[in-house]
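Below is one structure, written out as structure tokens, with a few remarks after it.
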Amino acid sequence: MTDELTTGIASALTEAAPDGWAKISLTVSATVLAYDYATEIRLADGRSGDIDLPAAVRGGFRELRTRMYEPGRGTWFSAKLVLTSGAAPEFTFNFDEDPNWWPPLHPTTFTRDLEAFPRNEEHVPQWLRDLVAQGVQLEQERETPA
């Protein structure tokens with residue numbers, strides 16, 4: 001189910017890579033309302049390279065996050081794809097650790113994310129619990145007339 005999607009993401013990133021690339025690292029931080037894509041490219045001669053991230057990669061990660069949702073457990077908050085020339089793509093997914101957005105996202109962003117991808121209580125990490133509580137409080141304050 002996701003193998004076809006991860007293969008497509010890796011292929012699209014490889015096709016967009018600059019000539020002479022040796023290694024590409026792409027880190028994706030995600031919520032239902034915001035995505036951040038950070039790339040690091042090393043060329044075979046040791047220099048850094050640039051890449052224009054294809055829409056197929058961006059859209060692929062958005063679809064992958066939805067497909068990887070597990071009822072009660074949630075979905076990932078960050079993912080990393082490492083491409084090394086001549087090697088198989090390496091994907092890793094973070095379901096529980098704070099992705100440390102910078103600048104920080106508004107707490108209600110995480111409230112919306114938890115609504116879109118519900119988790120059972122035991123699968124809500126403390127950092128997420130704290131942000132959701134802040135988001136709920138801010139929404140209540142906004143709705144309460146002064």
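Residue numbers for the sequence shown follow the UniProt record's numbering, beginning at 1 and rising by one.
For every residue, glycine included, the Cβ atom is placed at its ideal position computed from N, Cα and C.
Any Cβ of chain C within less than 9 Å of the Cβ of Gln134?
-> Protein chain content of the structure displayed is limited to a single chain, and chain C is not contained in it.
Trp21 - containing beta strand (DSSP E), residue span = Sequence index remark: in the sequence shown, residue 21 carries index 21 (1-based). Where Trp21 is concerned, the enclosing beta strand (DSSP E) stretches over 21 to 30.
With 16 as the cutoff for other CB atoms within 10 Å, does Leu33 come out buried or exposed?
-> Numbered from 1 along the sequence shown, position 33 holds the residue referred to as residue 33. Exposed, by the Cβ-count rule.
C-alpha distance - Pro89 paired with Thr144, whole-angstrom precision | For the purposes of this step, residue 89 is identified with residue 89 of the sequence shown, where counting begins at 1. For the purposes of this step, residue 144 is identified with residue 144 of the sequence shown, where counting begins at 1. Their Cα atoms are separated by approximately 50 Å.
What three-state label does DSSP hand Ile9 in the structure shown?
-> One-based indexing of the sequence shown puts residue 9 at position 9. Reduced to three states, the DSSP call for Ile9 is helix.
For Thr109, three-class secondary structure by DSSP | As a position in the sequence shown, residue 109 is number 109, starting the count at 1. DSSP places Thr109 in helix when its eight states are reduced to three.
With which residues is Gly72 paired in a DSSP beta bridge?
-> The residue you call residue 72 lines up with position 72 of the sequence shown. Gly72 pairs with Arg119.
Out of Val124, Ile41, Asp98, Pro107, state which residue places its alpha-carbon closest to the alpha-carbon of Thr14.
-> In the sequence shown, counting from the first residue as 1, residue 14 sits at position 14. That would be Ile41, whose Cα lies nearest to the Cα of Thr14.
C-beta atoms of Gly49 and Pro18 nearer than 9 Å | Against the sequence shown, residue 49 aligns to sequence position 49. Against the sequence shown, residue 18 aligns to sequence position 18. Contact: yes.
Member of Lys80, Glu97, Tyr69 whose CA lies at the smallest distance from the CA of Glu115 | To locate residue 115, count along the sequence shown from 1; it is residue 115. Ranking the options by Cα distance to Glu115, first place goes to Tyr69.
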